[in-house]
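See below for the structure under consideration.
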Amino acid sequence: MNTPNAQTRQKPGTATFLKLFLPSALGILIFFVPVELGDRRTILLDHMVTGARNLLGDASGLYALALIVAGAAYPLFRGYWNRNLTERIFTVLKVAGVAAALMALTGWGPAFLHEPDMLPFLFDKLVIPVGLIVPIGAIFLALLISYGLLELIGVLVQPVMRPIWRTPGRSAIDAVASFVGSYSIGLLITNRVYQAGQYSAREAAIIATGFSTVSATFMIIVARTLDLMAVWNLYFWLTLLITFVVTAVTVRLPPLSRMDDSAEDGEPQAVPGKRLTTAWQTGLEVAAKAPSLQRSVALNFKEGLLMAISILPSIMSVGLLGLLVAKYTPLFEWLGWFFYPFVAVWGVADAAALAQASAAGLAEMFLPALLMAEAEFAARFAAGVVSVSAVLFFSASIPCILSTSIPLSVGRMLAVWFIRVALSLLLAVPTGHLIQALAG
(Lines of atoms letter the chains of each structure in order from A and count residues from 1; the text may use other names and numbers.)
(Lines give C-alpha, C1' and ligand atoms only; values in the text may rest on other atoms or scores of the structure.)
Protein backbone atom coordinates (compact mmCIF):
# COMPACT_ATOMS: atom_id res chain seq x y z
CA MET A 1 0.00 0.00 0.00
CA ASN A 2 2.85 2.36 0.73
CA THR A 3 4.88 1.59 -2.39
CA PRO A 4 3.11 3.95 -4.84
CA ASN A 5 3.41 6.85 -2.39
CA ALA A 6 7.09 6.15 -1.84
CA GLN A 7 7.71 6.00 -5.58
CA THR A 8 5.76 9.22 -6.12
CA ARG A 9 7.84 10.98 -3.50
CA GLN A 10 11.10 9.70 -4.95
CA LYS A 11 10.17 10.63 -8.53
CA PRO A 12 8.39 13.97 -8.41
CA GLY A 13 7.01 15.52 -11.54
CA THR A 14 9.05 18.04 -13.47
CA ALA A 15 6.64 20.81 -12.49
CA THR A 16 7.15 20.12 -8.76
CA PHE A 17 10.93 20.00 -9.17
CA LEU A 18 10.91 23.33 -11.01
CA LYS A 19 8.55 24.81 -8.42
CA LEU A 20 11.15 24.05 -5.76
CA PHE A 21 14.28 24.82 -7.73
CA LEU A 22 13.52 27.98 -9.74
CA PRO A 23 12.02 30.25 -7.03
CA SER A 24 14.58 29.03 -4.47
CA ALA A 25 17.54 29.63 -6.80
CA LEU A 26 16.24 33.08 -7.70
CA GLY A 27 15.69 33.89 -4.02
CA ILE A 28 19.25 32.83 -3.14
CA LEU A 29 20.59 34.96 -6.01
CA ILE A 30 18.65 38.04 -4.90
CA PHE A 31 19.30 37.79 -1.16
CA PHE A 32 22.66 36.10 -0.77
CA VAL A 33 24.96 36.48 -3.81
CA PRO A 34 27.03 39.69 -4.04
CA VAL A 35 27.05 41.16 -7.55
CA GLU A 36 29.17 44.06 -8.80
CA LEU A 37 27.17 46.75 -10.57
CA GLY A 38 28.87 50.03 -11.30
CA ASP A 39 31.43 50.51 -8.56
CA ARG A 40 29.45 48.68 -5.84
CA ARG A 41 29.61 45.00 -4.95
CA THR A 42 26.62 43.94 -2.86
CA ILE A 43 23.56 41.70 -3.01
CA LEU A 44 20.96 42.32 -5.72
CA LEU A 45 18.35 43.38 -3.18
CA ASP A 46 20.65 46.16 -2.01
CA HIS A 47 21.20 47.21 -5.64
CA MET A 48 17.42 47.31 -6.11
CA VAL A 49 16.96 49.50 -3.05
CA THR A 50 19.71 51.84 -4.24
CA GLY A 51 18.13 51.95 -7.69
CA ALA A 52 14.69 52.68 -6.23
CA ARG A 53 16.11 55.51 -4.12
CA ASN A 54 17.94 56.99 -7.10
CA LEU A 55 14.76 56.72 -9.16
CA LEU A 56 12.74 58.50 -6.47
CA GLY A 57 15.41 61.16 -5.98
CA ASP A 58 14.19 63.93 -3.72
CA ALA A 59 10.78 62.24 -3.59
CA SER A 60 12.27 59.47 -1.42
CA GLY A 61 11.77 61.74 1.58
CA LEU A 62 8.11 62.28 0.70
CA TYR A 63 7.71 58.51 0.23
CA ALA A 64 9.14 57.89 3.71
CA LEU A 65 6.90 60.59 5.18
CA ALA A 66 3.85 58.97 3.60
CA LEU A 67 4.74 55.62 5.20
CA ILE A 68 5.30 57.31 8.58
CA VAL A 69 1.93 59.07 8.44
CA ALA A 70 0.26 55.79 7.45
CA GLY A 71 2.02 54.03 10.32
CA ALA A 72 0.84 56.60 12.87
CA ALA A 73 -2.73 56.47 11.54
CA TYR A 74 -2.97 52.66 11.26
CA PRO A 75 -3.42 51.86 15.00
CA LEU A 76 -6.09 54.58 15.21
CA PHE A 77 -7.81 53.31 12.07
CA ARG A 78 -7.80 49.68 13.24
CA GLY A 79 -8.86 50.64 16.77
CA TYR A 80 -6.16 48.76 18.67
CA TRP A 81 -4.17 51.82 19.77
CA ASN A 82 -5.56 51.54 23.33
CA ARG A 83 -5.40 47.74 23.59
CA ASN A 84 -2.74 47.93 26.31
CA LEU A 85 -0.23 50.36 27.81
CA THR A 86 2.51 49.46 25.32
CA GLU A 87 0.20 50.13 22.35
CA ARG A 88 -0.86 53.48 23.81
CA ILE A 89 2.74 54.55 24.41
CA PHE A 90 3.89 53.54 20.94
CA THR A 91 0.88 55.18 19.29
CA VAL A 92 1.90 58.46 20.93
CA LEU A 93 5.50 57.87 19.84
CA LYS A 94 4.38 57.16 16.27
CA VAL A 95 2.47 60.44 16.13
CA ALA A 96 5.62 62.14 17.48
CA GLY A 97 7.50 60.35 14.68
CA VAL A 98 5.34 62.19 12.12
CA ALA A 99 6.37 65.52 13.67
CA ALA A 100 10.03 64.47 13.67
CA ALA A 101 9.82 63.40 10.01
CA LEU A 102 8.22 66.73 9.04
CA MET A 103 11.04 68.56 10.80
CA ALA A 104 13.63 66.40 9.02
CA LEU A 105 12.08 67.14 5.64
CA THR A 106 11.40 70.85 6.08
CA GLY A 107 14.29 71.93 8.29
CA TRP A 108 11.81 73.38 10.75
CA GLY A 109 12.48 73.16 14.48
CA PRO A 110 15.37 73.74 16.90
CA ALA A 111 18.82 73.89 15.32
CA PHE A 112 20.29 71.19 17.58
CA LEU A 113 17.84 68.65 16.12
CA HIS A 114 19.26 69.30 12.65
CA GLU A 115 22.87 68.55 13.53
CA PRO A 116 24.27 65.79 11.26
CA ASP A 117 24.06 63.10 13.96
CA MET A 118 20.41 63.80 14.82
CA LEU A 119 17.41 64.06 12.45
CA PRO A 120 19.46 63.95 9.22
CA PHE A 121 21.17 60.74 10.34
CA LEU A 122 17.90 59.07 11.35
CA PHE A 123 15.96 60.11 8.28
CA ASP A 124 18.59 59.66 5.55
CA LYS A 125 20.59 56.71 6.91
CA LEU A 126 17.85 54.68 8.59
CA VAL A 127 14.28 55.65 7.73
CA ILE A 128 14.51 55.95 3.95
CA PRO A 129 16.61 52.77 3.43
CA VAL A 130 14.41 50.71 5.78
CA GLY A 131 11.27 52.14 4.16
CA LEU A 132 12.52 50.83 0.81
CA ILE A 133 14.19 47.57 1.74
CA VAL A 134 11.30 46.07 3.72
CA PRO A 135 8.55 46.34 1.04
CA ILE A 136 10.93 45.56 -1.84
CA GLY A 137 12.48 42.68 0.08
CA ALA A 138 9.03 41.35 0.95
CA ILE A 139 8.20 41.02 -2.76
CA PHE A 140 11.06 38.55 -3.21
CA LEU A 141 10.75 36.98 0.22
CA ALA A 142 8.15 34.55 -1.13
CA LEU A 143 10.90 32.94 -3.20
CA LEU A 144 12.78 31.97 -0.04
CA ILE A 145 10.02 30.93 2.32
CA SER A 146 7.11 29.59 0.27
CA TYR A 147 8.50 26.95 -2.09
CA GLY A 148 10.35 24.44 0.06
CA LEU A 149 13.84 25.96 0.48
CA LEU A 150 13.22 26.84 4.14
CA GLU A 151 12.21 23.28 4.97
CA LEU A 152 14.96 21.67 2.88
CA ILE A 153 17.70 23.72 4.56
CA GLY A 154 16.03 23.20 7.91
CA VAL A 155 16.37 19.42 7.80
CA LEU A 156 20.00 19.65 6.63
CA VAL A 157 21.22 21.88 9.47
CA GLN A 158 19.15 20.40 12.30
CA PRO A 159 22.23 18.74 13.87
CA VAL A 160 23.82 22.19 14.33
CA MET A 161 20.96 24.59 15.07
CA ARG A 162 18.98 22.60 17.64
CA PRO A 163 21.79 21.52 20.02
CA ILE A 164 23.69 24.82 19.96
CA TRP A 165 21.02 27.51 19.63
CA ARG A 166 17.85 25.53 20.47
CA THR A 167 16.12 26.64 17.28
CA PRO A 168 14.89 24.63 14.27
CA GLY A 169 17.15 24.15 11.29
CA ARG A 170 15.01 26.51 9.21
CA SER A 171 16.18 29.40 11.43
CA ALA A 172 19.51 29.30 9.57
CA ILE A 173 17.76 31.14 6.73
CA ASP A 174 16.81 33.95 9.13
CA ALA A 175 20.37 34.27 10.39
CA VAL A 176 21.89 34.44 6.91
CA ALA A 177 19.19 36.84 5.62
CA SER A 178 19.95 39.23 8.48
CA PHE A 179 23.71 39.14 8.01
CA VAL A 180 23.80 39.54 4.23
CA GLY A 181 20.64 41.59 3.84
CA SER A 182 18.95 43.36 6.75
CA TYR A 183 17.71 42.64 10.26
CA SER A 184 14.31 43.92 9.14
CA ILE A 185 14.19 41.24 6.42
CA GLY A 186 15.31 38.62 8.95
CA LEU A 187 12.54 39.71 11.33
CA LEU A 188 10.02 39.67 8.51
CA ILE A 189 10.93 36.02 7.80
CA THR A 190 10.83 35.16 11.52
CA ASN A 191 7.44 36.77 12.01
CA ARG A 192 5.92 35.04 8.98
CA VAL A 193 7.21 31.62 10.09
CA TYR A 194 6.10 32.23 13.71
CA GLN A 195 2.59 33.24 12.58
CA ALA A 196 2.45 30.01 10.56
CA GLY A 197 3.05 28.07 13.78
CA GLN A 198 6.46 26.76 12.68
CA TYR A 199 8.36 28.53 15.48
CA SER A 200 7.51 28.44 19.16
CA ALA A 201 7.45 31.75 21.06
CA ARG A 202 10.87 30.98 22.53
CA GLU A 203 12.35 30.01 19.16
CA ALA A 204 11.05 33.18 17.52
CA ALA A 205 12.39 35.27 20.42
CA ILE A 206 15.82 33.59 20.21
CA ILE A 207 16.03 34.29 16.48
CA ALA A 208 14.80 37.89 16.82
CA THR A 209 17.24 38.77 19.62
CA GLY A 210 20.15 36.53 18.63
CA PHE A 211 20.35 36.34 14.84
CA SER A 212 18.67 39.52 13.56
CA THR A 213 21.84 41.60 13.43
CA VAL A 214 22.66 44.53 11.19
CA SER A 215 23.75 43.57 7.71
CA ALA A 216 27.27 42.85 6.54
CA THR A 217 27.11 45.95 4.34
CA PHE A 218 26.46 48.11 7.41
CA MET A 219 29.35 46.38 9.17
CA ILE A 220 31.61 47.89 6.52
CA ILE A 221 30.49 51.36 7.63
CA VAL A 222 31.28 50.43 11.24
CA ALA A 223 34.71 49.09 10.26
CA ARG A 224 35.55 52.21 8.27
CA THR A 225 34.51 54.48 11.13
CA LEU A 226 36.73 52.55 13.55
CA ASP A 227 39.62 52.26 11.08
CA LEU A 228 39.38 48.46 11.06
CA MET A 229 39.34 47.88 7.29
CA ALA A 230 42.94 46.68 7.43
CA VAL A 231 41.66 43.67 9.39
CA TRP A 232 38.25 43.51 7.69
CA ASN A 233 38.14 39.72 7.21
CA LEU A 234 39.15 39.07 10.81
CA TYR A 235 36.66 41.66 12.06
CA PHE A 236 33.80 40.23 9.98
CA TRP A 237 34.28 36.54 10.81
CA LEU A 238 35.18 37.05 14.47
CA THR A 239 32.17 39.34 14.95
CA LEU A 240 29.98 36.66 13.39
CA LEU A 241 31.51 34.03 15.68
CA ILE A 242 31.20 36.14 18.84
CA THR A 243 27.60 37.09 18.00
CA PHE A 244 26.54 33.46 17.68
CA VAL A 245 28.56 32.30 20.71
CA VAL A 246 26.80 34.97 22.78
CA THR A 247 23.45 33.77 21.40
CA ALA A 248 24.26 30.17 22.37
CA VAL A 249 24.82 31.31 25.97
CA THR A 250 21.87 33.71 26.10
CA VAL A 251 19.32 31.08 25.06
CA ARG A 252 20.19 29.09 28.19
CA LEU A 253 19.56 32.04 30.53
CA PRO A 254 16.36 33.85 31.60
CA PRO A 255 14.29 35.44 30.18
CA LEU A 256 14.63 33.45 26.92
CA SER A 257 14.99 30.07 28.65
CA ARG A 258 11.64 30.54 30.41
CA MET A 259 9.52 31.36 27.36
CA ASP A 260 6.91 29.02 25.90
CA ASP A 261 8.54 26.44 23.63
CA SER A 262 5.50 24.75 22.09
CA ALA A 263 4.96 25.00 18.34
CA GLU A 264 2.09 23.63 16.26
CA ASP A 265 4.18 22.64 13.25
CA GLY A 266 7.33 20.74 14.16
CA GLU A 267 10.17 20.23 11.74
CA PRO A 268 10.47 16.84 10.04
CA GLN A 269 13.10 14.64 11.66
CA ALA A 270 15.57 12.93 9.37
CA VAL A 271 16.11 9.17 9.48
CA PRO A 272 19.75 8.46 10.50
CA GLY A 273 21.89 8.22 7.37
CA LYS A 274 19.13 9.64 5.13
CA ARG A 275 19.23 13.33 6.01
CA LEU A 276 19.79 14.52 2.44
CA THR A 277 16.95 12.33 1.14
CA THR A 278 14.59 13.52 3.87
CA ALA A 279 15.50 17.16 3.22
CA TRP A 280 14.92 16.79 -0.52
CA GLN A 281 11.57 15.03 -0.08
CA THR A 282 10.43 17.58 2.50
CA GLY A 283 11.26 20.46 0.17
CA LEU A 284 9.40 18.82 -2.73
CA GLU A 285 6.32 18.17 -0.59
CA VAL A 286 6.15 21.83 0.43
CA ALA A 287 6.71 22.98 -3.16
CA ALA A 288 3.90 20.73 -4.39
CA LYS A 289 1.45 22.34 -1.94
CA ALA A 290 2.73 25.91 -2.34
CA PRO A 291 0.35 28.64 -3.55
CA SER A 292 0.84 30.49 -6.81
CA LEU A 293 3.70 32.97 -7.04
CA GLN A 294 1.27 35.88 -7.44
CA ARG A 295 -0.57 34.96 -4.25
CA SER A 296 2.64 34.48 -2.25
CA VAL A 297 4.09 37.77 -3.48
CA ALA A 298 0.88 39.65 -2.69
CA LEU A 299 0.72 38.22 0.84
CA ASN A 300 4.37 38.94 1.61
CA PHE A 301 4.23 42.43 0.12
CA LYS A 302 1.24 43.25 2.32
CA GLU A 303 3.10 41.95 5.40
CA GLY A 304 6.21 43.91 4.43
CA LEU A 305 4.29 47.14 3.88
CA LEU A 306 2.55 46.79 7.24
CA MET A 307 5.88 46.16 8.94
CA ALA A 308 7.45 49.17 7.21
CA ILE A 309 4.71 51.58 8.31
CA SER A 310 4.90 50.16 11.82
CA ILE A 311 8.69 50.50 12.09
CA LEU A 312 9.35 53.90 10.53
CA PRO A 313 7.43 56.23 12.89
CA SER A 314 9.07 54.50 15.87
CA ILE A 315 12.53 54.85 14.36
CA MET A 316 11.99 58.60 14.04
CA SER A 317 10.66 59.20 17.55
CA VAL A 318 12.33 56.52 19.68
CA GLY A 319 15.57 56.85 17.74
CA LEU A 320 15.62 60.63 18.17
CA LEU A 321 14.94 60.34 21.90
CA GLY A 322 17.76 57.82 22.24
CA LEU A 323 20.22 60.02 20.36
CA LEU A 324 19.26 63.05 22.46
CA VAL A 325 19.68 61.10 25.69
CA ALA A 326 23.06 59.78 24.58
CA LYS A 327 24.33 63.22 23.57
CA TYR A 328 22.86 65.51 26.22
CA THR A 329 22.41 63.44 29.39
CA PRO A 330 24.70 61.24 31.53
CA LEU A 331 22.26 58.29 31.46
CA PHE A 332 24.40 56.04 29.29
CA GLU A 333 27.52 57.05 31.20
CA TRP A 334 25.86 55.80 34.38
CA LEU A 335 24.59 52.66 32.66
CA GLY A 336 28.06 52.05 31.28
CA TRP A 337 29.49 51.49 34.75
CA PHE A 338 27.57 48.20 34.90
CA PHE A 339 29.71 47.00 31.98
CA TYR A 340 32.97 48.38 33.36
CA PRO A 341 34.03 45.16 35.16
CA PHE A 342 33.66 43.15 31.92
CA VAL A 343 36.14 45.51 30.23
CA ALA A 344 38.49 46.44 33.08
CA VAL A 345 39.33 42.79 33.76
CA TRP A 346 41.35 42.82 30.50
CA GLY A 347 43.34 45.93 31.37
CA VAL A 348 42.14 48.20 28.55
CA ALA A 349 43.32 51.81 28.78
CA ASP A 350 39.94 53.11 27.53
CA ALA A 351 37.90 50.77 29.76
CA ALA A 352 35.45 53.37 31.12
CA ALA A 353 34.92 54.99 27.71
CA LEU A 354 34.34 51.61 26.04
CA ALA A 355 31.84 50.54 28.71
CA GLN A 356 29.91 53.79 28.34
CA ALA A 357 29.99 53.69 24.55
CA SER A 358 28.67 50.12 24.63
CA ALA A 359 25.79 51.24 26.81
CA ALA A 360 25.01 54.04 24.34
CA GLY A 361 24.47 51.35 21.71
CA LEU A 362 21.07 50.76 23.31
CA ALA A 363 19.94 54.01 21.70
CA GLU A 364 21.51 53.41 18.28
CA MET A 365 23.86 50.60 17.23
CA PHE A 366 26.22 53.00 15.45
CA LEU A 367 26.94 55.08 18.59
CA PRO A 368 29.71 52.83 20.02
CA ALA A 369 31.61 53.19 16.74
CA LEU A 370 31.17 56.96 16.69
CA LEU A 371 32.23 57.36 20.33
CA MET A 372 35.29 55.05 20.13
CA ALA A 373 36.67 56.12 16.73
CA GLU A 374 39.84 57.58 18.29
CA ALA A 375 40.52 54.86 20.91
CA GLU A 376 43.33 52.31 20.94
CA PHE A 377 42.99 49.22 18.75
CA ALA A 378 41.55 46.66 21.21
CA ALA A 379 38.89 49.13 22.37
CA ARG A 380 38.01 50.04 18.78
CA PHE A 381 37.75 46.39 17.80
CA ALA A 382 35.53 45.62 20.81
CA ALA A 383 33.28 48.60 20.01
CA GLY A 384 32.90 47.32 16.46
CA VAL A 385 31.94 43.86 17.69
CA VAL A 386 29.47 45.14 20.29
CA SER A 387 27.79 47.38 17.69
CA VAL A 388 26.77 44.19 15.86
CA SER A 389 26.52 41.51 18.55
CA ALA A 390 24.27 43.52 20.89
CA VAL A 391 21.52 43.14 18.23
CA LEU A 392 18.97 45.22 20.18
CA PHE A 393 18.73 49.02 19.99
CA PHE A 394 15.93 51.55 20.31
CA SER A 395 16.39 53.44 17.05
CA ALA A 396 15.30 50.49 14.92
CA SER A 397 15.50 46.82 15.97
CA ILE A 398 13.44 47.09 19.19
CA PRO A 399 10.55 48.97 17.51
CA CYS A 400 10.83 46.48 14.65
CA ILE A 401 10.44 43.50 17.00
CA LEU A 402 7.56 45.20 18.83
CA SER A 403 5.77 45.55 15.49
CA THR A 404 5.79 41.75 15.02
CA SER A 405 3.67 39.08 16.71
CA ILE A 406 6.67 37.76 18.67
CA PRO A 407 5.82 38.00 22.41
CA LEU A 408 8.83 40.03 23.55
CA SER A 409 8.23 42.92 25.94
CA VAL A 410 10.58 45.88 26.26
CA GLY A 411 11.62 44.57 29.70
CA ARG A 412 12.59 41.17 28.29
CA MET A 413 14.55 42.75 25.47
CA LEU A 414 16.43 45.02 27.89
CA ALA A 415 17.42 41.97 29.94
CA VAL A 416 18.64 40.15 26.82
CA TRP A 417 20.48 43.27 25.63
CA PHE A 418 22.36 43.59 28.93
CA ILE A 419 23.47 39.94 28.85
CA ARG A 420 24.53 40.20 25.20
CA VAL A 421 26.61 43.36 25.71
CA ALA A 422 28.33 42.00 28.84
CA LEU A 423 29.23 38.70 27.15
CA SER A 424 30.29 40.45 23.93
CA LEU A 425 32.71 42.71 25.81
CA LEU A 426 34.06 39.75 27.74
CA LEU A 427 34.92 38.01 24.45
CA ALA A 428 35.70 40.94 22.13
CA VAL A 429 38.30 42.79 24.22
CA PRO A 430 40.77 39.87 24.54
CA THR A 431 40.15 39.03 20.87
CA GLY A 432 41.17 42.58 19.97
CA HIS A 433 44.30 42.24 22.12
CA LEU A 434 45.16 38.96 20.38
CA ILE A 435 44.78 40.46 16.88
CA GLN A 436 46.92 43.43 17.89
CA ALA A 437 49.62 41.11 19.28
CA LEU A 438 49.64 38.96 16.14
CA ALA A 439 49.74 42.02 13.88
CA GLY A 440 52.55 43.56 15.94
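Residue numbers 60 to 499, in this note's numbering, belong to the letters of the sequence shown in order. We put the CB at the ideal spot given by N, CA and C, even for glycine. Source: prediction; values computed, not measured.
- Listed in chain order, the non-local C-beta contacts of W339 below 8 angstroms within the same chain comprise L211, local neighbours out to five positions each way being set aside.
- Beta-bridge annotation (DSSP): V94 is paired with T101.
- Taking 8 angstroms as the cut-off, the beta carbon of F440 is found closer than this to the beta carbon of I494.
- In this structure, N359 lies near L200, with their beta-carbon atoms less than 8 angstroms apart.
- Across the structure, R471 and R261 are spaced so that their CA atoms are roughly 12 angstroms apart.
- With contact defined as three or more Cβ pairs closer than 8 angstroms, the segment 298–309 and the segment 445–461 are in contact.
- Taking 8 angstroms as the cut-off, the Cβ atoms of I374 and L185 count as close.
- Rounded to the nearest angstrom, the gap between the Cα atoms of Y258 and V252 is 6 angstroms.
- Boundaries of the alpha helix (DSSP H) around G378: 352–387.
- With contacts defined as CB atoms closer than 8 angstroms, S243 and I192 qualify as a contacting pair.
- Excluding residues up to 5 positions away in sequence, L152, A155, G156, A159 lie with their Cβ nearer than 6 angstroms to the Cβ of S376 in the same chain.
- Ranked by how close their Cα comes to the Cα of S369, the residues L126, E95, H106 have L126 in first place.
- C-alpha of T150 to C-alpha of Y133: approximately 9 angstroms in a straight line.
- Here G228 is not near V345, since their CB atoms are 8 angstroms or more apart.
- By the Cβ neighbour-count rule, E362 is buried, with 16 or more other Cβ atoms within 10 Å of its own.
- Comparing alpha-carbon positions, the option among S468, I232, L81, F80 lying closest to N143 turns out to be S468.
- The three-state secondary structure of M220, taken from DSSP, is helix.
- In the structure shown, W393 falls within a helical segment according to DSSP collapsed to helix, strand and coil.
- The Cβ neighbour count for A414, taken over all protein chains shown within 10 Å, is at least 16; the residue is labelled buried.
- When the five nearest sequence neighbours on each side are left out, the beta carbons in the same chain lying within less than 8 angstroms of the beta carbon of V384 are those of L390, F391, A422, in order along the chain.
- The C-beta of T165 has fewer than 16 other C-beta atoms within 10 Å across all chains shown, which makes the residue exposed.
- S271 is the residue among S271, A437, P179, R99 whose C-alpha sits nearest the C-alpha of F452.
- Shortest Cα-Cα distance from I223 to any of A438, S456, T309 involves T309.
- Close CB contacts of V281 within its chain, under the 6 angstroms cut and outside five residues either way in sequence, are with A428, G443, S446 (chain order).
- Cβ neighbours of I266 within its own chain (closer than 8 angstroms, five residues either side excluded): T226, S230, D233, A234, G245, T249, Y258.
- Around the CB of V404, fewer than 16 other CB atoms lie within 10 Å, so the residue is classed as exposed.
- A distance of 8 angstroms or more separates the beta carbons of L247 and A322.
- Taking all protein chains shown into account, D117 has fewer than 16 neighbouring C-beta atoms within 10 Å of its C-beta and is therefore exposed.
- For W296, the uninterrupted alpha helix (DSSP H) segment begins and ends at 291–309.
- When C-alpha distances from W393 are compared across A412, G491, A289, L473, the shortest belongs to A412.
- One thing to note: S454 has its Cβ within 8 angstroms of the Cβ of G381.
- Residue burial annotation: Y294 is buried, with at least 16 other C-beta atoms found within 10 angstroms of its C-beta.
- Excluding residues up to 5 positions away in sequence, H106 lie with their Cβ nearer than 7 angstroms to the Cβ of L96 in the same chain.
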